[in-house]
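Letter by letter, the sequence shown follows residues 199 to 431 in the working numbering. Each residue gets a CB set at the ideal place from its N, CA and C atoms; glycine is no exception. So the structure is just underneath, and the comments pick up after that.
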Amino acid sequence: MNEGALTRIELPAIRRLVAERSALAPGRELAEALTPTSDLREAERLQDETEAARDMLLASPSSGLRGARDIRDAVRRARLGGALDPVQLIAVADTLRAAERLFADVRPYPPLAARARFARPPADVASAIENAIGATGEVLDRASARLGSLRASLRAAQARLQQRLDGLVRSPDLLRLLQDPIVTQRGGRYVVPVKAEHRAAVKGIVHDQSASGQTVFIEPLEILEANNALREA
């Protein structure tokens, strides 16, 4: 069928309408590429699928790829052996779960179920991602035994250091030298705010000073080893 005939039956307008109702870019692209078929059996099959899809949506308006994303870039990258970041992995898992729900929705409709049986979403991939990545994109401790062990060691090192620091800032000998009885960080190192006039009284490494010059931030020698252990954990 030539373009003139397609225009007369308003196919371009139909394509636009279908594309506008497509939530994802791949669907829009497929809608914009729709062409009639001259094969009677193919036409009848497509009509049966369209009727089944209409019945499904009338019976269950929420059916569809809700929660799905356009993951084509992520899939291409993975095929080439590239690594995906947590956000991309979540998008993949969400899309696979959306596909699973859609496959369940079409099962009662034979014309759609017949097409769906040739492409099943890999649920094991979605499960593996969900086991490793949290909903907000954080890599979970259970992602691997090694990661869980490393994070446990890090938390233990932090707890030991925090205990040392709490005892340090409550020490009467140091308390009188501090601007405030708190612990803060400078350059990723735990430090205490010492009054500038008492700088020489606190043995340690100066990492910073306040804009007024009245406070210096010192990493006491007592916690130097614990700070190093934390950074290495």
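Each of 293, 344, 258, 273 was checked against the Cα of residue 266, and the nearest Cα belongs to 293. Between residue 298 and residue 319, the gap from beta carbon to beta carbon is short of 8 Å. According to DSSP, residue pairing for residue 307 in a beta bridge does not occur. Within its own chain, the residues whose Cβ lies closer than 8 Å to the Cβ of residue 258, once the five positions on either side in sequence are excluded, are 303, listed in chain order. Per DSSP, the unbroken alpha helix (DSSP H) holding residue 346 starts and ends at 343-367. Per DSSP, the continuous beta strand (DSSP E) segment holding residue 407 begins and ends at 402-407. Counted as a single uninterrupted DSSP element, the alpha helix (DSSP H) harbouring residue 245 occupies residues 238-257. Measuring C-alpha to C-alpha distances from residue 409 to each of 269, 398, 394, 400 identifies 394 as the nearest. Residue 308 counts as exposed, since fewer than 16 other beta carbons sit within 10 angstroms of its beta carbon.
The three-state reading of DSSP puts residue 331 in strand, counting E and B together.
Within the same chain, and ignoring the five residues on either side of residue 328 in sequence, the residues whose Cβ sits closer than 6 Å to its Cβ are 291. With contacts defined as CB atoms closer than 8 Å, residue 213 and residue 232 qualify as a contacting pair.
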